[in-house]
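First the structure, in the form of C-alpha cells, and then the observations on it.
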Amino acid sequence: SAVISQKPSRDICQRGTSLTIQCQVDSQVTMMFWYRQQPGQSLTLIATANQGSEATYESGFVIDKFPISRPNLTFSTLTVSNMSPEDSSIYLCSVEAGSGPYNEQFFGPGTRLTVL
Amino acid sequence: AQKITQTQPGMFVQEKEAVTLDCTYDTSDPSYGLFWYKQPSSGEMIFLIYQGSYDQQNATEGRYSLNFQKARKSANLVISASQLGDSAMYFCAMREYSNYQLIWGAGTKLIIKP
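Chain order of the listed sequences is A and B.
Here the first sequence is numbered in the working numbering, starting from 53 and rising by one per residue.
Here the second sequence is numbered in the working numbering, starting from 5 and rising by one per residue.
This is the structure:
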C-alpha cells in the first residue's frame, strides 16, 4: 500500500485566482494520477504525471489550465489556474502500488475546492 | 458507450442486513481487473476489493465479497452484516490490460438505517 497526503485539505478561492495542490507519497512511485470529482459525480482523470517527463492530459483538460509538476518520485503538484465556480470540486491524487498486473490505486484524502 | 454501469443511484438498508451493490461492465479485452472503492462524506477514496478476470475464485476481504459473473459481465459487491459506518458512496472501476487508466462507474450512495 501507499500513504498519500494532500495539501490543502480544503480551500475557498476567488474567481480568477490560482491554487496549487500538493501531493506527497511515502514511497517512490512511477505514475501519479490527478482526478477531479465534481459535486455528485464520479471521478474524472485530469492527467497522469511521470517523473522526468511532461504530464499526459486527458481529453478536455489542458496544461495551461491545470499545470502539473513532478520533480521527484514522491511528490507532485497540480495547479488550478484562473479559477471559475465551475472548478469547484474535490481534487484527488492517486498512485498505483504493488507488483501485479492490476494494482489498486491508493488515493490521497482529497482537496475540497470552492470557487466563489 | 458506458463501460461501467452502476444502476442503483441510492440504496437504504437496515443495519445488520446484507447488501448487494450492482456493477456491470463492458470490455472486449480478455484481461482486466475490477475494483470497488468506498467514499465516505469526508471525500477520501478507500480501496475495498479487487477481482482479476482470470481469477477462479470470487474475491473476499473481511465483510466484503465480490460476486463475479464473467459471462454476464457483472461484478457485484456484497457487504455482509452492514454497519452504520458503511454509509458512503461506492464506486466500481475497471482497468483493461491495454490501458493503464481506471474507468469509473457513476457510484451508488448507500445509507444504513439504525
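By construction, the Cβ of each residue, glycine as well, lies at the ideal position given by its N, Cα and C atoms.
Minimum C-alpha distance to residue i - residue among the options
{"i": "P137(A)", "options": "P60(A), Q66(A), V55(A)", "result": "Q66(A)"}
{"i": "S53(A)", "options": "T163(A), L165(A), F158(A), G162(A)", "result": "F158(A)"}
{"i": "V23(B)", "options": "G89(B), T64(B), V82(B), E65(B)", "result": "V82(B)"}
{"i": "F39(B)", "options": "A63(B), Q18(B), R76(B), G47(B)", "result": "A63(B)"}
{"i": "N102(A)", "options": "Y87(A), S121(A), S111(A), Q90(A)", "result": "S121(A)"}
{"i": "D116(A)", "options": "S105(A), N124(A), L125(A), L130(A)", "result": "L130(A)"}
{"i": "L106(B)", "options": "S61(A), T96(A), G92(A)", "result": "T96(A)"}
{"i": "G14(B)", "options": "P118(B), Y101(B), G109(B), M93(B)", "result": "M93(B)"}
Beta-carbon proximity of residue i to residue j, cut-off 8 Å
{"i": "V167(A)", "j": "M135(A)", "result": "yes"}
{"i": "Y41(B)", "j": "F95(B)", "result": "yes"}
{"i": "S91(B)", "j": "I116(B)", "result": "yes"}
{"i": "M83(A)", "j": "E148(A)", "result": "yes"}
{"i": "F127(A)", "j": "A99(A)", "result": "no"}
{"i": "Q89(A)", "j": "Q74(A)", "result": "no"}
{"i": "S69(B)", "j": "S35(B)", "result": "no"}
Endpoints, beta strand (DSSP E) assigned at residue i
{"i": "K42(B)", "result": "36 to 43"}
{"i": "Q58(A)", "result": "56 to 59"}
{"i": "N102(A)", "result": "96 to 102"}
{"i": "R62(A)", "result": "62 to 65"}
Nearest-angstrom Cβ-Cβ length linking residue i and residue j, presumed shorter than 8 Å
{"i": "L25(B)", "j": "N80(B)", "result": "6 Å"}
{"i": "M98(B)", "j": "T31(B)", "result": "7 Å"}
{"i": "G160(A)", "j": "I64(A)", "result": "Not a contact, Cβ separation roughly 20 Å."}
Inside the stretch 38 to 79 of chain B only - beta strand (DSSP E) runs reaching at least 3 residues = The qualifying runs are 50 to 56, 68 to 73.
Taking only runs of the beta strand (DSSP E) that begin and end inside the stretch 83 to 113 of chain B, which ones reach a length of at least 3 residues, in chain order?
-> The beta strand (DSSP E) runs of length 3 or more contained entirely in the stretch 83 to 113 of chain B are, from start to end of the chain, 92 to 100.
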